[in-house]
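Student: Quick note on numbering: the sequence shown equals residues 3 to 696 in this note's numbering.
Just so it is clear, CB atoms sit at the ideal spot from N, CA and C, and this is done for glycine as well.
The structure under discussion is supplied below as structure tokens; questions concerning it will follow.
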Amino acid sequence: MTTTSTTSAPLSLDDWCTQYAPLSEAQKLSVSRLSTWVSPTDTNTALPTPERPPSDPMHANLTYHLSQISDELVQASQPRYDTDLASLQTSLQQLDELVALVTQAQTHMGDLQAGLTYIDDSASELMTQATSLLHTQAQLTSLHEALTLRLSYFGVLAQATQMLSDTSTDVHAPAFRSIVHRLFLALEFMETHGQYKDAAVYQLRLENALQRAMTLIKQAFVHQGTEHAQAARTRLHEEYQKQDTASVVDVTAPAVREALYESVQAWLPMYTAYLAPLETWAPRRPAMATMLAEFHTVLQRWRTPLVQQGMEYSRARDSDPSVPWVQRLEQALASAQRVYEAETALYAGLFKDTKALQPIAQAVGESVKAWLAPQLATSPSLETLSEVARLVSACQETWCAPLWLSVQTHLQQQSNAFLKSWRAYKPTASDLAYPTCAEEAPGLPTPASWYPPVRAMWQLQRWISPCMPPGLLQELLLQAYDVCDTKLQDAGKQLRENKLGGEEGDAADALLFQLRHIQVVLHMWDEVNAQCETTSHTMEPSTPTRPSRWQAIGRKQAGASEAWRATQQRWQTWQATTQAELSTFIASSLALPLQIFLRQQEPNASKAWAAYTTFQQSLDVNADEEAKKLYIYLPTDTVAPVVNEILTALRTTYSEFRECCEKIPAEDPTVLDDMISLEALHACLAACLAAPSS
């Protein structure tokens with residue numbers, strides 16, 4: 003590419019500054035001065051070729067320098083496209099090559115995409131075929147395993163027969179354990195698939211093989227158990243022969259625990275693998291149940307003598323006469339409980355169902371019962387016997403059932419003897435010294451002020467309530483309350499007939515005496531009802547020789563409950579009747595002048611006023627005295643109902659008196675107005691009876 007050089011017009015100073023290079027004001031001023039000096043005439047025309055004055059070399063050099071600068075500026079203002087054009091051409095060529103490569107790459111990508119699609123389709127078909135083959139292979143493998151397993155159920159008999167026919171077979175060997183496990187699995191399979199040909203025959207053969215295996219296991223169990231029992235008895239005897247026997251049969255003692263329990267724990271769990279499936283099959287197969295019962299019997303056969311021997315040594319230890327026998331009983335019960343808990347834990351390690359532990363539990367209970375029998379034969383007091391019953395009833399384990407039954411029998415006998423003695427009770431003069439007894443300790447909370455038979459029955463209830471089943475407790479307490487009933491009736495009769503209880507001995511004291519003790523008995527009744535609702539005696543009889551006693555108690559409970567409710571209702575009725583009779587008597591005593599007036603055939607105003615005056619005097623003298631008696635005999639919270647009934651009766655009598663007075667012609671009409679009004683009388687009497695003066 004060729005370019006033509008052209009001469010451009012000279013630029014002005016402002017164009018120069020704008021297009022090429024900015025100049026400062028000082029530079030602009032210098033250029034202007036220089037331009038004026040170089041071209042003083044015309045600055046807009048093209049610059050002529052400077053002429054060098056020969057006479058001035060400096061001027062010539064400056065002119066030459068300025069010409070060069072001007073040429074450079076002119077040349078710089080001309081655009082140079084050669085290099086840029088070549089660069090653009092090169093770039094265009096490279097872009098053309100890249101476009102060709104991209105086009106070729108797109109072609110190859112299309113080919114690759116088509117190939118990939120083909121491969122993907124082919125791979126999907128192969129994957130489907132492989133999955134189908136793998137599924138078929140898995141089915142074949144499962145079928146093979148199922149066939150092998152089912153064949154093993156039929157083939158285990160041959161292996162088991164060969165192993166079980168050898169009497170020297172080790173029942174703890176892994177091979178024997180595996181054979182027994184496979185026999186149980188085969189029996190389960192045959193029972194589940196009873197539709198198979200000869201399934202019943204195979205079940206019978208498998209069951210016979212298991213019986214043979216369990217016989218070998220039982221023989222080993224008997225052998226090891228007998229050896230252990232003999233060693234344990236020897237060890238216990240050695241421990242008992244020592245001077246320090248304080249730890250004998252106490253399972254917390256290391257020597258005893260090692261002899262009775264720790265040594266057997268080393269080998270007893272090895273039989274769990276055989277007994278667990280046997281327990282599972284026992285409910286379905288009588289033969290299995292029989293074999294399981296044999297294992298229970300074997301365990302009981304060598305554990306029961308051990309427990310009995312240990313408890314005998316324990317009784318010898320607990321026979322120290324220097325310790326009160328009730329305290330020794332508590333120690334014996336604690337020791338027996340520890341033995342029973344240890345035996346239960348040992349038994350539970352072999353069997354899920356511990357019901358067959360009953361003989362061992364019975365041995366523990368009978369041992370303590372044998373120790374306690376001489377103490378009970380001495381006829382201890384009812385209080386001591388109740389403490390014994392409380393200790394025994396606190397133990398809710400089955401081993402304590404025979405002991406609990408024995409104590410309950412003695413407690414019932416002593417209670418009946420106690421009741422019999424109080425049925426023959428005859429009161430003394432001091433026993434009926436009321437209200438003196440009540441004045442010393444008024445109200446219900448002080449038993450010392452109660453009538454002796456009531457106090458005795460209250461004490462009996464305190465003794466036997468915590469340690470008797472509800473039915474038997476109600477049966478005995480019904481007899482006790484019957485004693486209270488009889489003795490209170492007799493005492494009230496004596497108070498009336500002998501005019502005891504006050505200066506004149508009126509009937510109010512007898513009624514208050516009875517009402518006071520009726521409230522005591524009903525309060526005792528409520529305590530028993532509350533206790534029977536919250537107490538649950540779930541102890542069942544565990545001694546096969548005495549079930550009839552418990553059945554009789556169970557029958558008595560239903561009858562006792564009906565009689566209990568009926569008797570309580572009778573006492574409540576007696577309370578209401580006595581309270582009403584007391585209120586009527588006190589009201590009649592206070593209103594006696596008015597009642598005499600109302601019974602007259604020919605009442606007149608003077609008699610009415612005389613009756614009213616006498617009535618006022620009676621209230622002034624007797625009302626406060628009657629109120630004092632109420633608060634002496636009765637608790638404060640029970641006085642209000644009696645007072646209300648007295649006020650009601652007085653109000654009725656006084657109302658009839660005023661109505662009668664209104665019908666009598668009065669000589670002085672103001673006489674009736676001088677009498678107290680019905681409302682004022684009620685308020686006055688209520689205040690007097692509610693708060694008597696000291």
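#1: Just tell me which of V224, H195, A607, M459 has its CA closest to the CA of I520.
#2: Taking a contact to mean a Cβ-Cβ separation below 7 Å, would you say V485 touches W424 in this structure?
#3: Ignore the nearest five residues each way along the sequence and tell me which others in M293's own chain have a CB closer than 7 Å to its CB.
#4: Assess contact between the region 217–232 and the region 295–305, defined as three or more Cβ pairs (one per stretch) separated by less than 8 Å. Is contact present?
#5: From what residue to what residue does the alpha helix (DSSP H) around L208 run?
#6: Return the CA-CA distance between T569 and D355, expressed in angstroms with no decimal places.
#7: For the alpha helix (DSSP H) containing Q533, list its first residue and its last residue.
#8: Classify W452 as helix, strand or coil using the three-state DSSP reduction.
#9: Buried or exposed, going by whether 16 or more other CB atoms sit within 10 Å of the CB of R330?
#10: With a threshold of 8 Å on Cβ separation, who are the neighbours of V613 within its own chain once the five nearest residues in sequence on each side are excluded?
#11: When the distance is taken between beta carbons, is A334 closer than 7 Å to V370?
#12: Considering only the beta carbon of each residue, do T411 and A363 sit closer than 7 Å?
#13: Can you find the residues in the same chain that come closer than 7 Å, C-beta to C-beta, to A347, ignoring five residues on each side of it along the sequence?
#14: Along the chain, where does the alpha helix (DSSP H) containing G494 start, and where does it finish?
#15: If you draw a straight line from the C-alpha of L135 to the C-alpha of L142, how long is it?
#16: How do the region 633–642 and the region 603–620 stand: do at least 3 beta-carbon pairs fall below 8 Å, yes or no?
#17: Going by beta-carbon coordinates alone, are Q476 and W566 separated by less than 7 Å?
#18: Within the chosen definition, does the region 166–186 reach the region 144–153 through at least 3 CB pairs nearer than 8 Å?
#19: Could you spell out the range, first to last residue, of the alpha helix (DSSP H) harbouring T105?
#20: Tell me whether P453 is buried or exposed, calling it buried when 16 or more other Cβ atoms sit within 10 Å of its Cβ.
#21: What does the alpha-carbon distance come out to for the pair E469 and A391?
#22: Cβ atoms of P472 and C534: under 7 Å apart, would you say?
#23: Where does T169 sit, in a helix, a strand or coil, going by DSSP?
#24: In this structure, how does DSSP classify D433 when only helix, strand and coil are distinguished?
#25: For a quick check, are the C-beta atoms of L524 and W465 less than 7 Å apart?
#26: What separation, rounded to the nearest whole angstrom, lies between the Cα atoms of W406 and S395?
#27: Spatial neighbours of T171 within its chain, please: CB distance less than 7 Å, with the 5 preceding and 5 following residues excluded, ordered by chain position.
#28: Given V104, which residues of its chain have a CB within under 7 Å of its CB, disregarding the five upstream and five downstream residues?
#29: Excluding the 5 residues preceding and the 5 following A291 in the sequence, name in chain order all residues of the same chain whose CB lies nearer than 6 Å to its CB.
#30: So is S93 buried or exposed if we call it buried at 16+ other beta carbons inside 10 Å?
#31: Can you tell me whether I648 is buried or exposed? The criterion is at least 16 other CB atoms within 10 Å of its CB, across all chains shown.
#32: Could you tell me the alpha carbon to alpha carbon distance between G561 and M526, rounded to whole angstroms?
#33: Using the three-state DSSP reduction, which class does I678 fall into: helix, strand or coil?
#34: Since W424 is in the alpha helix (DSSP H), which residue starts that stretch and which ends it?
#35: Once you ignore the five residues that flank T45 on each side, which residues in its own chain have a CB closer than 7 Å to its CB?
#36: Between which residues of its own chain and L189 is the CB-CB distance below 6 Å, once the five residues before and five after are set aside?
Tutor: Answer, in terms of the structure:
#1: In the sequence shown, the residue the question calls residue 520 occupies position 518. Checking every option, the nearest Cα to that of I520 belongs to M459.
#2: As a working note, residue 485 is residue 483 in the sequence shown. As a working note, residue 424 is residue 422 in the sequence shown. Going by C-beta atoms, V485 is nearer than 7 Å to W424.
#3: Here residue 293 refers to the residue found at position 291 of the sequence shown. The residues are Q213, M216, L280.
#4: yes
#5: Numbered from its first residue, the sequence shown carries residue 208 at position 206. From DSSP, the alpha helix (DSSP H) with L208 extends over 201–243.
#6: By 1-based counting over the sequence shown, the position of residue 569 is 567. By 1-based counting over the sequence shown, the position of residue 355 is 353. Cα-Cα distance, rounded: 45 Å.
#7: Locating residue 533 in the sequence shown gives position 531, where the first residue counts as 1. 509–536 is the extent of the alpha helix (DSSP H) around Q533.
#8: Here residue 452 refers to the residue found at position 450 of the sequence shown. Of the three classes helix, strand and coil, the one that applies to W452 here is coil, per DSSP.
#9: As a working mapping, residue 330 is identified with position 328 in the sequence shown. When all chains shown are included, R330 counts as buried.
#10: The sequence position of residue 613 within the sequence shown is 611, counting from 1. The sequence shown places Ala at residue 613, not Val. Closer than 8 Å at the Cβ level, and outside the excluded window around A613, lie P595, L596, I598, F599, F659.
#11: What you label residue 370 is simply residue 368 of the sequence shown in a count that begins at 1. What you label residue 334 is simply residue 332 of the sequence shown in a count that begins at 1. Contact: yes.
#12: Residue mapping note: residue 411 aligns to position 409 of the sequence shown, counting from 1. Residue mapping note: residue 363 aligns to position 361 of the sequence shown, counting from 1. No; because the gap between Cβ atoms is not below 7 Å, this pair is not in contact.
#13: Within the sequence shown, the letter at position 345 stands for residue 347. The answer is none, since no qualifying residue turns up.
#14: One-based indexing of the sequence shown puts residue 494 at position 492. 472–499 is the extent of the alpha helix (DSSP H) around G494.
#15: For the purposes of this step, residue 135 is identified with residue 133 of the sequence shown, where counting begins at 1. For the purposes of this step, residue 142 is identified with residue 140 of the sequence shown, where counting begins at 1. If I take the Cα positions, the gap works out to 10 Å.
#16: no
#17: By one-based count along the sequence shown, residue 476 stands at place 474. By one-based count along the sequence shown, residue 566 stands at place 564. Contact: yes.
#18: no
#19: Numbered from 1 along the sequence shown, position 103 holds the residue referred to as residue 105. Residues 84–166.
#20: Stepping through the sequence shown from its first residue, residue 453 is reached at position 451. The sequence shown places Tyr at residue 453, rather than the Pro named in the question. Y453 should be labelled buried.
#21: Mapped onto the sequence shown, residue 469 falls at position 467. Mapped onto the sequence shown, residue 391 falls at position 389. Just to set this straight, residue 469 is Cys in the shown sequence, not Glu. One C-alpha to the other measures close to 6 Å.
#22: For the purposes of this step, residue 534 is identified with residue 532 of the sequence shown, where counting begins at 1. For the purposes of this step, residue 472 is identified with residue 470 of the sequence shown, where counting begins at 1. Closer than 7 Å, so yes.
#23: In the sequence shown, the residue the question calls residue 169 occupies position 167. Correct three-state label for T169: coil.
#24: Numbered from 1 along the sequence shown, position 431 holds the residue referred to as residue 433. If DSSP states are grouped into helix, strand and coil, D433 belongs with coil.
#25: Residue numbering aside, residue 524 sits at position 522 when the sequence shown is read from its first letter. Residue numbering aside, residue 465 sits at position 463 when the sequence shown is read from its first letter. No.
#26: Within the sequence shown, residue 406 is the residue found at index 404, counting from 1. Within the sequence shown, residue 395 is the residue found at index 393, counting from 1. Whole-angstrom Cα-Cα distance: 6 Å.
#27: The residue labelled residue 171 in the question sits at position 169 within the sequence shown. Within the same chain, T171 has close Cβ partners M165, F178, L218.
#28: Looking up residue 104 in the sequence shown gives position 102. Counting only Cβ-Cβ distances below 7 Å, and skipping sequence neighbours, we find nothing.
#29: Position 289 of the sequence shown, counted from the first residue, corresponds to residue 291. A284.
#30: Counting from 1 along the sequence shown, the entry for residue 93 is found at position 91. S93 is exposed by the Cβ-count criterion.
#31: Position 646 of the sequence shown, counted from the start, is the residue given in the question as residue 648. Burial call: buried.
#32: Along the sequence shown, read from residue 1 onward, the residue named residue 561 stands at position 559. Along the sequence shown, read from residue 1 onward, the residue named residue 526 stands at position 524. Low confidence applies here, because G561 scores a pLDDT of 46, under 50, leaving its location unreliable; read the following figure in that light. Cα to Cα, G561 sits roughly 21 Å from M526.
#33: Working through the sequence shown from its first residue, we reach residue 678 at position 676. I678: coil per DSSP, three-state reduction.
#34: Position 422 of the sequence shown, counting from 1, holds the residue named residue 424. That run of the alpha helix (DSSP H) goes 403–425.
#35: Numbered from its first residue, the sequence shown carries residue 45 at position 43. At T45 the pLDDT is 44, less than 50, meaning the model places this residue with poor confidence and gives no usable figure here.
#36: As a first step, residue 189 is located in the sequence shown; it is residue number 187 there, counting from the start. Counting only Cβ-Cβ distances below 6 Å, and skipping sequence neighbours, we find L208.
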